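Shown next, in structure tokens, is the structure this report addresses.
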Amino acid sequence: MHISVLLQEVVDGLAPQPGDVILDATLGGGGHSEALCQNVHEATFICLDADEKAIERSKERLSTCSCTFHFYQTNFRNLDRALIEFGITSINRAVFDLGLSSYQLESSVEGASEHLGRGFSFRGSEPLTMTYASTVTPDMITAEQIVNEWAEENIATIIESYGEDRQARRIARAIVSARAVRPITTTAELRDIIERAVPRRGKIHPATKTFQALRMTVNDELPALQEGLTKAWSLLAPQGRIAVISFHSLEDRFVKNFFRDEAKKGTGILITKKPLVPTDDEVWENPRSRSAKLRIIEKI
Numbered sequence: 000m001h002i003s004v005l006l007q008e009v010v011d012g013l014a015p016q017p018g019d020v021i022l023d024a025t026l027g028g029g030g031h032s033e034a035l036c037q038n039v040h041e042a043t044f045i046c047l048d049a050d051e052k053a054i055e056r057s058k059e060r061l062s063t064c065s066c067t068f069h070f071y072q073t074n075f076r077n078l079d080r081a082l083i084e085f086g087i088t089s090i091n092r093a094v095f096d097l098g099l100s101s102y103q104l105e106s107s108v109e110g111a112s113e114h115l116g117r118g119f120s121f122r123g124s125e126p127l128t129m130t131y132a133s134t135v136t137p138d139m140i141t142a143e144q145i146v147n148e149w150a151e152e153n154i155a156t157i158i159e160s161y162g163e164d165r166q167a168r169r170i171a172r173a174i175v176s177a178r179a180v181r182p183i184t185t186t187a188e189l190r191d192i193i194e195r196a197v198p199r200r201g202k203i204h205p206a207t208k209t210f211q212a213l214r215m216t217v218n219d220e221l222p223a224l225q226e227g228l229t230k231a232w233s234l235l236a237p238q239g240r241i242a243v244i245s246f247h248s249l250e251d252r253f254v255k256n257f258f259r260d261e262a263k264k265g266t267g268i269l270i271t272k273k274p275l276v277p278t279d280d281e282v283w284e285n286p287r288s289r290s291a292k293l294r295i296i297e298k299i
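Residue numbers for the sequence shown, in numbering that gives the first Met the number 0: 0 to 299.
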């Protein structure tokens, strides 16, 4: 089951009020929406997710809640379209949880066929897709295309930039060498290539940062975050609040700078001067929360 990170901190920090319009920009397992609704009892939620299956699961979970829920399948960079669809012109609260859903990570671990997973985890053997969207359309790029078709220099660049991996060039070289023998089509194949190229040191698997970089590239994550957060801020009513949970330094740096700039302009107040992080107890219960950082801003 997916465990929402920093749940109580999000509820306390957003401090929703009865009658609020609340944007859940990353519905996922529905945990944040459920907790916010249980706190306020009366609110209208706009729940977005690019993953159709996530919406289906969350609809069932939220069906007994007292609030009004509207669901829209899209990336949060298109949140303005969703609001137009439901006739909403402004929002009072918004939450962005930028973490990967446990459902997506564990598809192969839970015994799903390798043809059903989307390649987010290297623990099983799944197609190298890595799209949040449930269906791959011709205009989408996949991780398989990147590792088999991109130039070595370009592969190294994304691993270095998005994965912040010092071994980026060695990994890119190994990928290009392997694909010259045969195409790389599964997560297991890519994992094995990286394991052979880079010796394991410490607790972090050597493939972790490459998989992160591929996922971020396939889903255009940083540009999408910039677009989505900018739109959410423009649609946020005065005294409205936005909470963002990030999981790596690139995301957190962008959110930190975005919030700081609004505070400097006098258009926002930082509710969190420093990011909130999980307690030791939460990390013990949910190890994936260990790198989470929560920042909250209020619009003046």
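For glycine and all other residues, C-beta sits at the position ideal for the given N, C-alpha and C. Keep in mind that this is a model prediction, so the values were computed, not measured.
Around the Cβ of residue i, are there at least 16 other Cβ atoms within 10 angstroms (buried) or fewer (exposed)?
i: residue 255; result: buried
i: residue 277; result: buried
i: residue 248; result: exposed
i: residue 201; result: exposed
i: residue 190; result: buried
i: residue 37; result: exposed
i: residue 215; result: buried
i: residue 55; result: exposed
i: residue 273; result: exposed
i: residue 245; result: buried
i: residue 80; result: exposed
i: residue 76; result: buried
What did DSSP end up calling residue i once you bin it into helix, strand or coil?
i: residue 286; result: helix
i: residue 94; result: strand
i: residue 60; result: helix
i: residue 71; result: strand
i: residue 3; result: coil
i: residue 23; result: strand
i: residue 277; result: coil
i: residue 43; result: strand
i: residue 89; result: coil
i: residue 238; result: strand
i: residue 269; result: strand
i: residue 295; result: strand
i: residue 126; result: strand
i: residue 48; result: strand
i: residue 54; result: helix
i: residue 136; result: coil
In whole angstroms, give me the CA-to-CA distance for residue i and residue j.
i: residue 242; j: residue 296; result: 7 Å
i: residue 82; j: residue 178; result: 44 Å
i: residue 294; j: residue 271; result: 6 Å
i: residue 18; j: residue 239; result: 13 Å
i: residue 182; j: residue 267; result: 50 Å
i: residue 42; j: residue 48; result: 19 Å
i: residue 203; j: residue 50; result: 27 Å
i: residue 2; j: residue 285; result: 7 Å
i: residue 60; j: residue 173; result: 44 Å
i: residue 289; j: residue 11; result: 20 Å
i: residue 233; j: residue 184; result: 42 Å
i: residue 117; j: residue 281; result: 28 Å
i: residue 223; j: residue 253; result: 12 Å
i: residue 251; j: residue 212; result: 16 Å
i: residue 261; j: residue 93; result: 16 Å
Is the distance from the Cβ of residue i to the Cβ of residue j below 8 Å?
i: residue 95; j: residue 14; result: no
i: residue 143; j: residue 126; result: yes
i: residue 197; j: residue 129; result: no
i: residue 205; j: residue 188; result: no
i: residue 227; j: residue 35; result: no
i: residue 26; j: residue 57; result: yes
i: residue 8; j: residue 275; result: yes
i: residue 20; j: residue 87; result: yes
i: residue 63; j: residue 121; result: no
i: residue 44; j: residue 73; result: no
So residue i packs on residue j, CB below 8 Å; how close in whole Å?
i: residue 30; j: residue 6; result: 6 Å
i: residue 175; j: residue 151; result: 5 Å
i: residue 145; j: residue 209; result: The Cβ separation is near 10 Å, so there is no contact.
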